[in-house]
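K.L.:
There are 2 protein chains.
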Amino acid sequence: MSKDARTAETRRRLMDGAIDTIRAHGISGVSARSIATTAGVNQALIFYHFGSVDELLGTACLTSTKARVEAYRDRFATVSDLRALLNLGRALQQEERAAGNVTVLAQMLAGAQGDPKLAEATRTALDLWVAEIELVLRRILAASPVGELADPAGLARAVAASFIGVELWAAADPQGAEDGLAALEQLAVLAEVVDNLGPVARRALKAKLRGVRQ
Amino acid sequence: MSKDARTAETRRRLMDGAIDTIRAHGISGVSARSIATTAGVNQALIFYHFGSVDELLGTACLTSTKARVEAYRDRFATVSDLRALLNLGRALQQEERAAGNVTVLAQMLAGAQGDPKLAEATRTALDLWVAEIELVLRRILAASPVGELADPAGLARAVAASFIGVELWAAADPQGAEDGLAALEQLAVLAEVVDNLGPVARRALKAKLRGVRQ
DNA sequence: GTCTATAACGAGATAGAC
DNA sequence: GTCTATCTCGTTATAGAC
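Read top to bottom, the protein sequences are chains P and X.
Everything in the first sequence is counted per the working numbering, starting at 1 for the first residue and increasing by one.
Everything in the second sequence is counted per the working numbering, starting at 1 for the first residue and increasing by one.
#1: Suppose you measure from the CA of Arg157 of chain X to the CA of Gly176 of chain P; what does that come to, to the nearest Å?
#2: For Gly29 of chain X versus Gly114 of chain P, is the C-beta spacing smaller than 7 angstroms?
#3: For Gln43 of chain X, which residues from the same chain have a beta carbon less than 6 angstroms from its beta carbon, with the 5 sequence-adjacent residues on both sides left out?
#4: What does a CB cutoff of less than 6 angstroms around Ile164 of chain X pick up in its chain, not counting 5 residues either side in sequence?
#5: Any idea what DSSP makes of Gln93 of chain X, helix, strand or coil?
#6: Distance cutoff 7 angstroms, beta carbons only. Does Gln136 of chain P sit that close to anything in chain X?
#7: Assign Thr122 of chain P to buried or exposed, taking buried as 16 or more other Cβ atoms, counted over all protein chains shown, within 10 Å of its Cβ.
#8: Excluding the 5 residues flanking Ala150 of chain P on each side, which residues of the same chain have their C-beta closer than 6 angstroms to its C-beta?
#9: By the 10 Å Cβ neighbour count, where 16 or more other Cβ atoms means buried, how is Arg23 of chain P classified, buried or exposed?
#10: Pull up the distance between the alpha-carbon of His25 of chain P and that of Leu14 of chain P, whole angstroms please.
#11: Three or more C-beta pairs under 8 angstroms: does that hold for the segment 96-112 of chain P against the segment 58-71 of chain P?
#12: If we cut at 7 angstroms on Cβ distances, does Leu56 of chain X have a partner in chain P?
#13: Count the other C-beta atoms from every protein chain shown that fall within 10 angstroms of the C-beta of Lys208 of chain P, then say buried if there are 16 or more, exposed otherwise.
#14: From Ala204 of chain P to Asn196 of chain P, what distance separates their C-alpha atoms?
#15: For Ala170 of chain X, tell me which candidate among P:Asp20, P:Ala119, P:Arg90, P:Ser52 has the shortest Cα-Cα distance.
#16: Which two residues bound the contiguous alpha helix (DSSP H) that contains Ile35 of chain P?
#17: Pick out the complete alpha helix (DSSP H) segments inside the segment 110-147 of chain X, 4 residues or longer, and give them in chain order.
#18: Going along chain P in order, which residues have a C-beta closer than 9 angstroms to the C-beta of Leu168 of chain X?
#19: Near Gln214 of chain X, which residues of its chain fall below 6 angstroms by C-beta distance, leaving aside the five closest residues on each side in sequence?
#20: Pick from P:Gly180, P:Asp179, P:Val146, P:Leu181: whose alpha carbon is nearest that of Ala183 of chain X?
#21: Measure from the C-beta of Lys206 of chain X to each C-beta in chain P and report whether the shortest distance is under 7 angstroms.
#22: With burial defined as no fewer than 16 other Cβ atoms inside 10 Å of the residue's Cβ, what is the status of Glu148 of chain X: buried or exposed?
#23: So Val146 of chain X contacts chain P; which residues on that side make the cut at Cβ distance below 8 angstroms?
#24: Does the beta-carbon distance from Gly154 of chain P to Asp179 of chain X come in below 7 angstroms?
#25: Taking all protein chains shown into account, do 16 or more other C-beta atoms lie within 10 angstroms of the C-beta of Pro116 of chain P, making it buried, or fewer, making it exposed?
#26: Answer yes or no: do Val130 of chain X and Ala84 of chain X have a C-beta to C-beta separation smaller than 7 angstroms?
#27: DSSP three-state call for Gln43 of chain X: helix, strand or coil?
#28: What's the call for Gly17 of chain P, buried or exposed, on a 16-neighbour Cβ count within 10 Å?
#29: Consider the Cβ of Asp16 of chain X: report whether some Cβ of chain P lies at a distance smaller than 7 angstroms.
#30: Assign Thr10 of chain P to one of three DSSP states: helix, strand, or coil.
#31: Measure the beta-carbon distance from Ser162 of chain P to Ser162 of chain X and round it to whole angstroms, keeping in mind my assumption that it falls under 8 angstroms.
#32: I'd like to know whether the C-beta atoms of Cys61 of chain P and Ala112 of chain P end up nearer to each other than 7 angstroms.
#33: Report the three-state DSSP secondary structure of Thr216 of chain P (helix, strand or coil).
#34: Helix, strand or coil for Ala177 of chain P per DSSP?
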């Protein structure tokens, strides 16, 4: 194996090890040693390749998030109504429980409290998801009677933050998190009904919304 | 000062110190020494009074959550429609940014990953909030056309988890979190409109909901 | 009940051999 | 580029003086 390939391999192992360690033990279980053990690599190599543990965490988180978002881009692109978005959200939530990117982001976010370096890396990674969600929301809302009331950018952040919260919750109370998601899904039917109103009811709703909005 | 009073005082200082330390530095910045410093108390007293750091965290979290929930009980009781609930939620979110109980719970939840003892304490504390939210939701939903569609227990968990997520988000991206909340608030107007439909539209909606539900 | 001192260990990080 | 060895510091936890 060439030196370059060996370097790349070690860096990859370390990044994977960092992600796996966060998933398994949370941000407070992360250390240079625990990562190195998971990666099957010498501890000192973390500092040689990344300079510090925080730096490794940041790039690992960013790289893995990029990959996950990339993996979903096509599926996001096909979403054009609320029902499809809900289905995708549910699938994403289940698949990410396996791949674990949402959990990792949640843990990074927790570690970001009082650690500006981690905070910035995490913010950048989260923005990757948010940008994707915002695009879809913008598309869907344009065709909906509530479209002129809603703020896609803000909503995208609210959605992402909720995913974070649910994923974090699931670690301590799996059944509770499941019940919460099921309840939301059930309630989202309401939005679908609104979305599928006939033209008359639709106009009436629009008028009412205009009245309510300040 | 009597011995009992002195004991109580020390325990109180340690619990307050634990909460303050979590708020300031996150769960990964918590240690026996950092807590003791914040509390202005000798480090060894943590082990004398609580046995371990985890034990201290658990009881501190539970005690402070009890107090916060208690402080909101009366205000929860007066809520009888969605608009009032939204207002209370917003107030709670802002006041808790100061008192910090939601942040603490979020950090505890993060620390609970792979630490069953913390997980149990956190779950118990969260349930205090959930129970309160569930009561209100049950009351409101009973009077709403979507009431028979919704699951108050599940919804309460979803709401609480979202609060957690937003609060965690706010540490890394304050503006983003604010935008997210504002967008949700705006959209919630939709639910209010549905809630205030006339009797005819209300019956139509109910019929549609029945059709959608599987 | 509270303190000092200390044991036993894990942390981040670096130096230097290979 | 990777390893071993090591430094320095912070960690949990305990023993024992007061």
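Built from N, CA and C at the ideal position, the CB exists for glycine as well.
P.N.:
On the basis of the data shown:
#1: Residue 157 of chain X sits at position 157 when you count from the first residue of the second sequence. Residue 176 of chain P sits at position 176 when you count from the first residue of the first sequence. Looking at the two C-alpha atoms, the distance is approximately 7 angstroms.
#2: On the second sequence, position 29 is the one that residue 29 of chain X refers to. On the first sequence, position 114 is the one that residue 114 of chain P refers to. Taking 7 angstroms as the Cβ cut-off, Gly29 of chain X and Gly114 of chain P qualify as a contacting pair.
#3: On the second sequence, position 43 is the one that residue 43 of chain X refers to. Shown here for Gln43 of chain X: same chain residues with a beta carbon closer than 6 angstroms to its own, the five before and five after excluded, namely Ala32, Arg33, Ala36 in chain order.
#4: Locating residue 164 of chain X in the second sequence gives position 164, counting from the first residue. So the list reads Ala106, once near-sequence residues are dropped.
#5: As a first step, residue 93 of chain X must be located in the second sequence, where it is residue number 93. It is helical.
#6: As a first step, residue 136 of chain P must be located in the first sequence, where it is residue number 136. As written in the sequence, residue 136 of chain P is Val, which differs from the Gln given in the question. Not one chain X Cβ lies under 7 angstroms of Val136 of chain P.
#7: For the purposes of this step, residue 122 of chain P is identified with residue 122 of the first sequence, where counting begins at 1. By the neighbour-count rule (16 or more Cβ atoms within 10 Å), Thr122 of chain P is buried.
#8: Counting from one through the first sequence, the residue named residue 150 of chain P turns up at place 150. So the qualifying residues of the chain are Leu141.
#9: Locating residue 23 of chain P in the first sequence gives position 23, counting from the first residue. The residue is buried, with at least 16 neighbouring Cβ atoms inside 10 Å.
#10: By one-based count along the first sequence, residue 25 of chain P stands at place 25. By one-based count along the first sequence, residue 14 of chain P stands at place 14. Spanning the two alpha carbons is a distance of roughly 16 angstroms.
#11: Contact between the segment 96-112 of chain P and the segment 58-71 of chain P is present, because at least three Cβ pairs lie under 8 angstroms.
#12: Sequence index remark: in the second sequence, residue 56 of chain X carries index 56 (1-based). Not an interface residue.
#13: If you number the first sequence from 1, residue 208 of chain P lands on position 208. Answer is buried; the Cβ neighbour count reaches 16.
#14: For the purposes of this step, residue 204 of chain P is taken as residue 204 along the first sequence, with counting starting at 1. For the purposes of this step, residue 196 of chain P is taken as residue 196 along the first sequence, with counting starting at 1. For Ala204 of chain P and Asn196 of chain P, the distance between alpha carbons rounds to 13 angstroms.
#15: The residue you call residue 170 of chain X lines up with position 170 of the second sequence. Checked all of P:Asp20, P:Ala119, P:Arg90, P:Ser52; the closest Cα to Ala170 of chain X is P:Ala119.
#16: Locating residue 35 of chain P in the first sequence gives position 35, counting from the first residue. Unbroken alpha helix (DSSP H) run through Ile35 of chain P: 32-39.
#17: Listed in chain order, they are 116-142.
#18: Along the second sequence, read from residue 1 onward, the residue named residue 168 of chain X stands at position 168. Going along chain P in sequence order, the residues near Leu168 of chain X (Cβ under 9 angstroms) are Ala106, Leu109, Ala110, Ala112, Gln113, Ala161, Ile164, Gly165, Leu168.
#19: Within the second sequence, numbered from 1, the residue matching residue 214 of chain X stands at position 214. Low confidence applies to Gln214 of chain X: its pLDDT is 48, below 50, so where it sits in the model is not reliable, and the reading given next is rough at best. Correct list: empty, nothing qualifies.
#20: Here residue 183 of chain X refers to the residue found at position 183 of the second sequence. Scanning P:Gly180, P:Asp179, P:Val146, P:Leu181 for the CA closest to the CA of Ala183 of chain X turns up P:Val146.
#21: Here residue 206 of chain X refers to the residue found at position 206 of the second sequence. By this cut-off, Lys206 of chain X is not an interface position.
#22: As a first step, residue 148 of chain X must be located in the second sequence, where it is residue number 148. That one is exposed.
#23: Against the second sequence, residue 146 of chain X aligns to sequence position 146. For a Cβ distance threshold of 8 angstroms, residue set Leu187, Leu190 of chain P lies close to Val146 of chain X, ordered along the chain.
#24: The residue labelled residue 154 of chain P in the question sits at position 154 within the first sequence. The residue labelled residue 179 of chain X in the question sits at position 179 within the second sequence. It is a contact, given that the beta carbons lie within the stated cut-off.
#25: Within the first sequence, residue 116 of chain P is the residue found at index 116, counting from 1. Per the 10 Å Cβ criterion, exposed.
#26: In the second sequence, counting from the first residue as 1, residue 130 of chain X sits at position 130. In the second sequence, counting from the first residue as 1, residue 84 of chain X sits at position 84. Cβ atoms of Val130 of chain X and Ala84 of chain X: not closer than 7 angstroms.
#27: For this step, residue 43 of chain X is matched to residue 43 along the second sequence. Looking at Gln43 of chain X - three-state DSSP - the assignment turns out to be coil, as it is neither helix nor strand.
#28: On the first sequence, residue 17 of chain P is found 17 positions in, with the first residue counted as 1. With 16 or more other Cβ atoms within 10 Å, it is buried.
#29: Residue 16 of chain X sits at position 16 when you count from the first residue of the second sequence. False, the Cβ-Cβ gap to chain P never drops below 7 angstroms.
#30: Against the first sequence, residue 10 of chain P aligns to sequence position 10. Here Thr10 of chain P sits in helix by DSSP.
#31: Numbered from its first residue, the first sequence carries residue 162 of chain P at position 162. Numbered from its first residue, the second sequence carries residue 162 of chain X at position 162. With 8 angstroms as the limit, Ser162 of chain P and Ser162 of chain X qualify as a contact, their Cβ atoms being about 4 angstroms apart.
#32: Here residue 61 of chain P is taken as the residue at index 61 of the first sequence, counted from 1. Here residue 112 of chain P is taken as the residue at index 112 of the first sequence, counted from 1. No, Cβ-Cβ distance for Cys61 of chain P and Ala112 of chain P is not below 7 angstroms.
#33: This structure gives no information on residue 216 of chain P, because the portion of chain P shown stretches from 1 to 214.
#34: For the purposes of this step, residue 177 of chain P is taken as residue 177 along the first sequence, with counting starting at 1. Here Ala177 of chain P sits in helix by DSSP.
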